[in-house]
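Colleague: If you're matching positions, the sequence shown starts at 373 in the working numbering and goes up one per residue.
Starting off with a structure, shown below.
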Amino acid sequence: MFQTNQQINNPPNRKNGIKKGLGIIRGILVVIVLVILAGGSFYSIQEEEQAVVCTFGSPRAVTTPGLHFKIPFIQTVTKVNTTIQGFSIGYRDGAEGGDDDDALMITSDYNFIYVDFYAEYRVTDPVKALYASENPELVLKNIAQNCIRTTIGSYSVDSVLTTGKNEIQSNIKQMILDKLEDYDIGIALVNITIQDATPPTAEVENAFKEVETAKQGKETALNNANKYRNEQIPNAEAESDRILQEAEAAKQERINEANGQVARFNSMYQEYIKFPDVTKKRMFYETMEDVLSDIKLIIQGSDGDMTTMLPLDSFVADNNNSISGTGTAGQTASRADDAEEE
Numbered sequence: 373m374f375q376t377n378q379q380i381n382n383p384p385n386r387k388n389g390i391k392k393g394l395g396i397i398r399g400i401l402v403v404i405v406l407v408i409l410a411g412g413s414f415y416s417i418q419e420e421e422q423a424v425v426c427t428f429g430s431p432r433a434v435t436t437p438g439l440h441f442k443i444p445f446i447q448t449v450t451k452v453n454t455t456i457q458g459f460s461i462g463y464r465d466g467a468e469g470g471d472d473d474d475a476l477m478i479t480s481d482y483n484f485i486y487v488d489f490y491a492e493y494r495v496t497d498p499v500k501a502l503y504a505s506e507n508p509e510l511v512l513k514n515i516a517q518n519c520i521r522t523t524i525g526s527y528s529v530d531s532v533l534t535t536g537k538n539e540i541q542s543n544i545k546q547m548i549l550d551k552l553e554d555y556d557i558g559i560a561l562v563n564i565t566i567q568d569a570t571p572p573t574a575e576v577e578n579a580f581k582e583v584e585t586a587k588q589g590k591e592t593a594l595n596n597a598n599k600y601r602n603e604q605i606p607n608a609e610a611e612s613d614r615i616l617q618e619a620e621a622a623k624q625e626r627i628n629e630a631n632g633q634v635a636r637f638n639s640m641y642q643e644y645i646k647f648p649d650v651t652k653k654r655m656f657y658e659t660m661e662d663v664l665s666d667i668k669l670i671i672q673g674s675d676g677d678m679t680t681m682l683p684l685d686s687f688v689a690d691n692n693n694s695i696s697g698t699g700t701a702g703q704t705a706s707r708a709d710d711a712e713e714e
């Protein structure tokens, strides 16, 4: 058997090897393409983020955490952090070329002051946060600086350093929220606080510290005074109630006593009307008993002759008083007899 030149130059085994190699390469390429397609067909969203899926230039927000499907090479996914983030305004860390210009502000009474703020925000609309502005955080920072300077400029330096911080923070926050609503860039302010407020010079700062110390001393004194007042007022009220109750009791006692005397007088008057002479003598004797109840004196006399008998214990007790008492009692007894004879 004879072979031709073509069969000698291209043996069948060589052709089969080339075909087999090309098939392997094609298979590897297909596997690679499938892996790429499979890897680009899925994406996952964490709890603290959201995603924006863009299909032919049309964005759509995906907010549900977990594994999601997308069309490879057609849909693109951009993840957005939705946790609370923050930035400082005017923070001075002591480094050269810091943010002193942002911190230095002027108050309503034309004083300079350094004020440091810290703002917190979060993304509320991931689509607007990506496409409504190039840098939403920078926009928020510029809005905050404008609102801060406007608000600080309407307060005195004393208010900024001491008593007006809470009110200033509240006004700034509300102003920023109103402007963010107008801009509608997909982010919302969570909070803004004053980190520090200091005068531009050490001498002024020391003076303000002394003023603050004096105010605290004033508050302490007022609190102590109020405490003392709150302790004394109940005691005074209790004493006042006691006095009023005693006065009311004394009043009622006097009224009852007067009513009793009136009733007694009325009853005696009724008897006097019935027997005026007898009642007159009885009242006279009762009165004399009351007047002479403490005098130890015996009087006996008739027809103008008066004999005075004094007990011995009167001389023992006090001679002078006995003699004086004798004269007085004698005069009283004499007048009593005269009245009885009449």
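Glycine included, C-beta positions come from ideal geometry on N, C-alpha and C.
Out of Ile645, Ala491, Asp473, Ile559, which one is the CA nearest neighbour of Phe484?
Modeller: The shortest Cα separation from Phe484 among Ile645, Ala491, Asp473, Ile559 belongs to Asp473.
Colleague: With DSSP collapsed to three states, give me the class of Tyr490.
Modeller: DSSP places Tyr490 in strand when its eight states are reduced to three.
Colleague: So, for Asp497: in the same chain, excluding its five sequence neighbours on each side, which residues have a beta-carbon less than 6 Å away from its beta-carbon?
Modeller: Cβ neighbours of Asp497 beyond the five flanking positions: Gly558.
Colleague: Could you tell me the distance, in whole angstroms, from the CA atom of Thr454 to the CA atom of Ile544?
Modeller: Approximately 23 Å between the Cα atoms of the pair.
Colleague: Looking at the structure shown, is Tyr555 part of a helix, part of a strand, or coil, going by DSSP?
Modeller: It is helical.
Colleague: I need the straight-line Cα distance from Ile605 to Lys623, nearest angstrom please.
Modeller: Going by the C-alpha atoms only, they are around 26 Å apart.
Colleague: What residue range does the alpha helix (DSSP H) around Ile515 cover?
Modeller: Its alpha helix (DSSP H) spans residues 508-524.
Colleague: When you compare only the Cα positions, how much space is there between Ala593 and Arg494?
Modeller: When rounded, the distance between both Cα atoms is 45 Å.
Colleague: Would you call Ile396 buried or exposed, if buried means 16 or more other Cβ atoms sit within 10 Å of its Cβ?
Modeller: Exposed, by the Cβ-count rule.
Colleague: Would you call the CB atoms of Gln418 and Pro437 closer than 9 Å?
Modeller: Contact flag set, yes.
Colleague: Hey, out of Val449, Lys653, Ala569, whose CA is closest to Asn538's CA?
Modeller: Minimum Cα distance to Asn538 is reached at Ala569.
Colleague: Sorted by chain position, which residues of the same chain lie with C-beta nearer than 8 Å to Phe637's C-beta, five sequence neighbours on each side aside?
Modeller: Answer for Phe637: no residue qualifies.
Colleague: Alpha carbons only, please: which of Ala475, Val499, Gly536, Lys500 is nearest the one belonging to Ala516?
Modeller: Comparing Cα positions, the closest option is Ala475.
Colleague: What span of residues does the alpha helix (DSSP H) with Phe656 cover, start to end?
Modeller: 648-663 is the extent of the alpha helix (DSSP H) around Phe656.
Colleague: Looking at C-alpha atoms only, which residue of Asp556, Glu629, Gln633 is the closest neighbour of Leu512?
Modeller: It is Asp556.
Colleague: Distance check for Ala423 and Val452, CA to CA, integer angstroms please.
Modeller: The straight-line gap from Cα to Cα measures roughly 6 Å.
Colleague: For Lys451, which three-state DSSP category applies?
Modeller: If DSSP states are grouped into helix, strand and coil, Lys451 belongs with the strands.
Colleague: Return the chain-ordered list of same chain residues with a C-beta closer than 6 Å to the C-beta of Lys551, the five sequence neighbours on each side being excluded.
Modeller: Result list for Lys551: Ile515, in chain order.
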